[in-house]
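Numbering (the UniProt record's numbering), first residue to last: 1 to 470.
The beta-carbon is built from N, C-alpha and C at its ideal position, and this holds for glycine as well.
Here is the structure we will look at.
This is the structure we're talking about:
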């Protein structure tokens, strides 16, 4: 048995460009099929033939960028049309007996017969064996592909992602938060042949980091042929500086601007030639045309936004297809720097002031970035487990001090009985005044901010937890 691998856009390339793309395809397929045992490759124009565990290889290769589709097939060498038809029909005789079938034939090369002749001859033999021809609604659809003196027959087609082979179009740095959108944007750039390294800016402590890295790990399962780098940045100092120095109406824009400046510098570390974001025009206040124009001001690298024209539903469907959706929806959302009345634009002067306020802290974050390779991600995630264990609770321990980190309006509408509201920038002073002999439980809107606070306090020796609101 053999697996037929069909190209996508590679087929229209010529000369050395095509040969290089075929080389990249073979390398990626070999890595994708690493768990399938020994494999052997043979190339012909428009096809890659992979010999090995056909079922395993066909599914694995269908996750490689540049692959249009794959099929596990039986391969026969034939002498003439009668020999070809007899061998193909023998493969399907028992399967079509008493069932409706159709034969679809395709031919490449010079032969004394046509594709229609192949379909008719195979169909004639199978009909005589007890099957009935139905080209419109067959129960069994049989495909025959003839190339030179070899025939391939199959009835399964696994759709691939298409696009270009990974590595054929340079390298980009994608800003990936762990949410639904940004992994999809990074995936689309992989599909266009770019090596994608990832910048993850963590605001919410180890709980959020572990959840986001699981999303990134799932995304990078598509990165066959490249051991992508994940740049993990502790962006808590950025959030602190924004709350301290920036008008709260501009917090979202200021944070995005800081991300762009950080990414511009981080791209040099991995020699990336462009930045990638998951922004969709108008989806939130910081993604208006005016806001995007402001935050990109003076950035020297191209900024690609593959999702710019997609709506939330389209993006979510794509996230489900690539496998990141379920993990993304479980990532806690950090709410510590998002205003209830965000501005949808910023002037040049305001952006320049934000840059001035945040320049030192961006440099600090850049210096402390740690780089994790794709091959090391699972170990990195596992290493966070001890810090996460027991951090989140569903009920308040007896005698604990309960702290509400939400805004005043939300607190007045409802709060956990006995909870006190404390501003985020006063939390650590509050806890220090209350003392180390108490147990502290924090809660917020989504859980990321409270988990971050609890985890920081734990590192300082306090008994602290994050309360999961139901």
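A direct Cα-to-Cα measurement between residue 429 and residue 423 gives close to 10 Å. Under DSSP, residue 68 shares a beta bridge with no residue. DSSP places residue 104 in the uninterrupted beta strand (DSSP E) bounded by 100-108. Among the bridge pairs identified by DSSP, residue 404 is matched with 421 and 443. A contact between stretches requires three or more CB pairs, one per stretch, nearer than 8 Å, and the segment 311-324 meets this requirement with the segment 170-183.
Per DSSP, residue 180 is not a residue of any beta strand (DSSP E), being assigned neither H nor E.
By the C-beta density criterion, residue 374 is buried, having at least 16 other C-beta atoms within 10 angstroms.
Contact holds between the segment 218-226 and the segment 159-167, because three or more Cβ pairs, one in each stretch, are under 8 Å apart. Taking the Cα positions, residue 161 is about 19 Å away from residue 215. DSSP places residue 274 outside any beta strand (DSSP E), giving it a letter other than H or E. In the structure shown, residue 173 adopts extended strand secondary structure according to DSSP, grouped into three states. Looking from the CA of residue 285, the closest CA among 357, 333, 59 and 342 belongs to 342. In the same chain as residue 296, and ignoring 5 residues on each side of it, the C-beta atoms closer than 7 Å to its own belong to 260 and 303, in chain order. In the DSSP assignment, residue 141 forms a beta bridge with 102. In terms of Cβ geometry, residue 57 and residue 50 form a close pair [threshold 9 Å]. Sequence-distant partners of residue 40 (beyond 5 residues in either direction) whose C-beta falls short of 8 Å from its own C-beta, in its chain, are 50, 51 and 52. Counting along the chain, the unbroken beta strand (DSSP E) around residue 466 starts and ends at 463-467.
Under the DSSP assignment, residue 54 falls in the alpha helix (DSSP H) whose first and last residues are 54-61. Closest by C-alpha distance to residue 43, out of 147, 102 and 65, is 147.
Around the beta carbon of residue 368, fewer than 16 other beta carbons lie within 10 angstroms, which makes this residue exposed.
Under the three-pair Cβ rule at 8 Å, the segment 80-92 does not count as touching the segment 28-40. Cβ-Cβ distances below 6 Å link residue 254 to 242, 246 and 354 in the same chain, with the five nearest sequence neighbours on each side left out; the list follows chain order. The segment 128-139 makes contact with the segment 93-110; the number of CB pairs closer than 8 Å reaches 3 or more.
Counted as a single uninterrupted DSSP element, the alpha helix (DSSP H) harbouring residue 242 occupies residues 236-245. Close CB contacts of residue 469 within its chain, under the 7 Å cut and outside five residues either way in sequence, are with 443 (chain order).
In the three-state DSSP reduction, residue 260 falls in the helix class (H, G or I). Check the Cα spacing between residue 152 and each of 30, 172, 28 and 122: the tightest is with 122. Annotation for residue 389: no alpha helix (DSSP H) segment contains it, and DSSP assigns it neither H nor E.
Rounded to whole angstroms, the gap between the alpha carbons of residue 238 and residue 382 is 26 Å.
The shortest C-alpha to C-alpha distance from residue 205 to any of 47, 31, 385 and 249 is the one to 385. At the C-beta level, residue 72 and residue 189 stay beyond 9 Å of one another. With fewer than 16 other Cβ atoms from the protein chains shown falling within 10 Å of its own Cβ, residue 408 counts as exposed. Residue 325 sits in a helix when the DSSP states are folded into three classes. Membership of residue 199 in the beta strand (DSSP E) is indicated by the continuous run 195-202. When the beta-carbon positions are compared, residue 118 and residue 144 come within less than 9 Å of each other.
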